[in-house]
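Numbering (the working numbering) for the sequence shown: -6 to 383.
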Amino acid sequence: MSTRAEAFDHWIRTGFVELNTELENLYFAQKDRAQAIGVGDALKATLRDEGHVHVVALLAEGNTGDGFDSGFAVLGNVGMYLAALRRHELTNPAREERSPFPEASSLALHVGASLGMAPRFSTGHLSTHNLARAGVRKSFTSLADEFLFIDENTRGILSLQTAADALTRVIHLGVSSPVADVLFTTAKQSLEEVLLSNRRLFDQLDIARFFFCVRPYYKPYRVGRQEYRGANAGDFSGINEIDLLLGLCRANDPYYAQLLVDKMLFMLPQDQARLRECMTHTSLLDELLALAPEHAQQPWFRKNARAYLELCDLFGQTAAQHHDALVKRFIEEPAAHLEPDKLEGITASGPPLPVLLRALETLRDMRLAANRSGIATRYSDLARLRQALA
Ligand code: HEM
């Protein structure tokens, strides 16, 4: 990292965190915890001005060619800075046509374009590629609930990535291979870990602290003229690799394909490549269904098809848990108590909450292979496979 990139990174890990934490404590102490405008103005100005010094220095330096890690860290840092300005209402895409922070926008656009990513901070910055220094990882604040959220999200993502890796290896062995058992077991254990980390979030995360002090950093904001949606824990390829390899979602389904296209630039370049590659494979479900008529009584078929179905059940449970427990407890229920004017910008992707909830419900039902009309699930195909084993 160049000296300037290093200095910015140091500030993001220290002064930036302190200022955000002080501001959060001010907002949270109010009767109306959702009120940010007109509160802590001096602290906000300090945050804006201190960050600006680093941004201007880096913009003048240009691309140092220091390599992916440095560029990626700068993109995350300038993105976190802009996200904090958005959170503190120093910018709001609803009342502006372009970002009031042209230097930060230029820096984000320059680095984002050179990496092949959206010009904003993404999930990878705060999860799988959040480099800890002496045990401390990057965050917006030093609130215990933010660390809990970041850490459990990361554990969930890492486990889903492990499951996706294992399923990818099954593709290369073939679903009839006797040694696929090792991989099915790895995937199963990883999905069980996801259930556990989701459960810890459900039990331990403070609803009000999360809703009022953590979630607001994930709102959409403008970079230059364009508005970019916020990061969410789904911006990594592993979850979609599992969808596609299990065959529960299909890349030729127009709804799902649109989702894949939309999230592409929010992922790390290596994840983008994995997802593209994954789209070229036949799913395990289609492989098993093609083998079933001739081989359903063979021991290898029965063993592997059972292991496959067990994975589908577990994966469905993780999806139901995300929607019915986490989204409900930490977003839907607290949002129901907000005044309508405070609901704006509550979601990371921007649409009104009911629209977002319906979209998440669709994904849940695809992953559950639910018996639903109006969306293409694999309900009857899974039933056929179960029937073949009966
Ligand atoms: C407090 C915990 C959590 C809450 C409240 C939550 C809520 C949400 C919301 C509201 C979205 C939609 C994003 C938007 O447009 O606003 C979303 C997306 C997503 N989240 Fe979470 N989430 C939580 C934790 C997790 C964890 C631990 C994971 C697993 C690693 C995860 C995986 C995903 C995925 C994959 C998506 C993208 C949509 C999809 O493919 O299902 N989330 N989450």
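Virtual Cβ for every residue (Gly too), placed ideally from N, Cα, C.
Terminal residues of the alpha helix (DSSP H) in which residue i lies
i: E385; result: Since the first residue of the chain shown is -6 and the last is 383, residue 385 is not available in this structure.
i: E186; result: A173 to Q197
i: E388; result: Because the chain here runs from -6 to 383, residue 388 falls outside it and cannot be looked at.
i: E(-1); result: T(-4) to R6
i: Y74; result: F61 to R80
i: T273; result: No alpha helix (DSSP H) holds T273; DSSP gives it neither H nor E.
i: G149; result: A137 to L166
i: I235; result: S230 to L239
Burial state of residue i (16 or more Cβ within 10 Å)
i: G109; result: exposed
i: L356; result: buried
i: F61; result: exposed
i: E139; result: buried
i: V172; result: exposed
heavy atom of the ligand HEM below 6 angstroms from residue i C-beta
i: L356; result: yes
i: R137; result: Just to set this straight, residue 137 is Ala in the shown sequence, not Arg. Not so, every heavy atom of the ligand HEM lies at least 6 angstroms from the Cβ.
i: G309; result: no
i: I164; result: no
i: A285; result: no
i: V207; result: no
i: F323; result: yes
i: A226; result: yes
i: V320; result: yes
i: N70; result: no
i: N123; result: no
i: N297; result: no
i: L382; result: no
i: I368; result: no
i: G149; result: yes
i: W146; result: Reading the sequence as shown, one finds Asn at residue 146 and not Trp. The answer is yes for N146.
i: L304; result: no
i: I232; result: yes
i: L194; result: yes
Whole-number beta carbon distance between residue j and residue i, since they are thought to touch under 8 angstroms
i: C237; j: M272; result: One point to set straight first is that residue 237 is Leu, not Cys, in the sequence displayed. Yes, they are in contact, since the Cβ atoms of L237 and M272 sit about 7 angstroms apart, within 8 angstroms.
i: L319; j: A298; result: Incorrect: roughly 31 angstroms between the Cβ atoms, too far for contact.
i: F205; j: R322; result: Actually they are not in contact, since the Cβ atoms of F205 and R322 sit about 15 angstroms apart, beyond 8 angstroms.
i: N233; j: Q314; result: The pair is not a contact, with the Cβ atoms about 18 angstroms apart (cut-off 8 angstroms).
i: R113; j: A101; result: 6 angstroms
i: R360; j: F294; result: Rounded, the Cβ-Cβ distance is 24 angstroms, inconsistent with contact.
i: D394; j: A66; result: The structure shown does not extend to residue 394, since the chain is modelled only from -6 to 383, so the question has no answer here.
i: F203; j: F142; result: 6 angstroms
Pick from the options that is closest to residue i, judged by C-alpha positions
i: L40; options: D59, M73 and V67; result: M73
i: R80; options: R371, D317 and Y211; result: Y211
i: R377; options: R208, Q310 and L302; result: L302
i: P286; options: P344, K131, D34 and A381; result: A381
Start-to-end residues for the beta strand (DSSP E) that takes in residue i
i: R215; result: Y214 to V216
i: Q219; result: Q219 to Y221
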